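Just so you know, the sequence shown maps onto residues 0 to 239 in numbering that gives the first Met the number 0.
We treat Cβ as the ideally placed atom computed from N, Cα and C, and that holds for glycine.
Owing to the predicted nature of the structure, the values given are computational and were not obtained by experimental measurement.
Data block below; observations after.
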Amino acid sequence: MTMGKRVALFRASEDAERSAALLRSRGFGVVMAPVLDIVATGAAAPTGPFDAAVATSANAVLHLAPAARAAIAGLPLYLVGCRAARAAADAGFSRALAPAPDVAALSARLRERLAPPARVLYLAGRDRKDALEAALAAIGAHTSVLETYAAQAREGWSEQEAAELMGCAAALHYSRRSAALAASLAGRAGLAAHFATIAHVCLSEDVAAPLREAGWRQIVCADAPDETHLLMVLDQALRR
């Protein structure tokens, strides 16, 4: 029986709201205890011209400075995920392409469509994996990075957040960095022993790695790296 069980979300507040709504629609209680704060950098767009822009997250588009958005809104925009596509549409990108499901699929698409030496503008966060930049280099593209946002680590949870987390039966983890920060903040808040007893549902094995290093054992991973599969595994984990 999962009805009413409380689930912890550690995503930044903007990202957590949508996930919280999905959880509540499934009958779960939700405790939001962000480990990151998302802040816009205000960075200006680098000097072009560019053949295309790419973004792998909605935040990269949502936190574009107005002048930067105006400067690049006419570029073909390659995206990962439906949320990034919605953000691009809302921001007025008239040439946004249908989103790829993941970075690997986006890389394959770019390899097919961009002839070297294409000039590509990568909209990204300050903390990111290098997979897309490596893929662009491999196809001979010249990549400029526009860091539109930063995900700043919080130093600790409030007493109220810590108290509410004690009532959770499970936690959802969407990124390796946020999982590592959750483990660290749990230790600082005196919650490590409790967190070792609850179900930790992760988007992938890569995301789960910091939790395994922390010694937590009740860890399960989604069959595919998307929220639909993540919530399916959550349902299964809490029925055991």
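Under DSSP, the beta-bridge partners assigned to Ser143 are Leu120. Beta-carbon to beta-carbon, Leu145 and Ala44 are separated by about 6 Å, close enough to satisfy the 8 Å threshold. Taking one beta carbon from each stretch, the segment 160–179 and the segment 192–203 have 3 or more pairs nearer than 8 Å; the two touch.
Leu109 and Leu135 have their C-alpha atoms roughly 8 Å apart. Collapsing the DSSP output to three states places Asp129 in coil.
Val60 is bridged by DSSP to nothing; it lacks a bridge partner. DSSP places Asp14 inside the alpha helix (DSSP H), whose first and last residues are Ser12 to Ser24.
With distances taken between CA atoms, Leu131 lies nearest to Ala103 out of Ala103, Arg112, Ala90 and Gly186. By the criterion of at least three beta-carbon pairs nearer than 8 Å, the segment 142–158 is in contact with the segment 44–60. Between Ala52 and Ile71, the C-beta gap is smaller than 7 Å, which places the two residues in contact.
The beta carbon of His141 lies closer than 8 Å to those of Pro116, Ala117, Arg118 and Val119 in the same chain, with the five residues before and after it left out. When secondary structure is reduced to three states using DSSP, Gly186 falls in the helix class. When rounded, the separation of the alpha-carbon atoms in Asp222 and Met231 is 9 Å.
Distance from the Cα of Arg175 is smallest, within the candidate group Glu154, Arg127 and Leu190, for Arg127.
Straight across, the Cα-Cα distance linking Ala59 with Ala67 is about 12 Å.
Relative to the Cα of Leu184, the nearest Cα in the group Val30, Ser157, Ala208 and Cys167 belongs to Ser157. With respect to the 7 Å criterion, Arg82 and Ala54 are not classified as neighbours on the basis of their beta carbons.
Here the alpha carbons of Phe194 and Ser106 stand approximately 37 Å from one another.
Glu111 and Met31 have their C-alpha atoms some 41 Å from each other. As a beta-bridge residue in DSSP terms, Gln151 pairs with Asp36. The bridge partners DSSP lists for Cys201 are His172 and Cys220.
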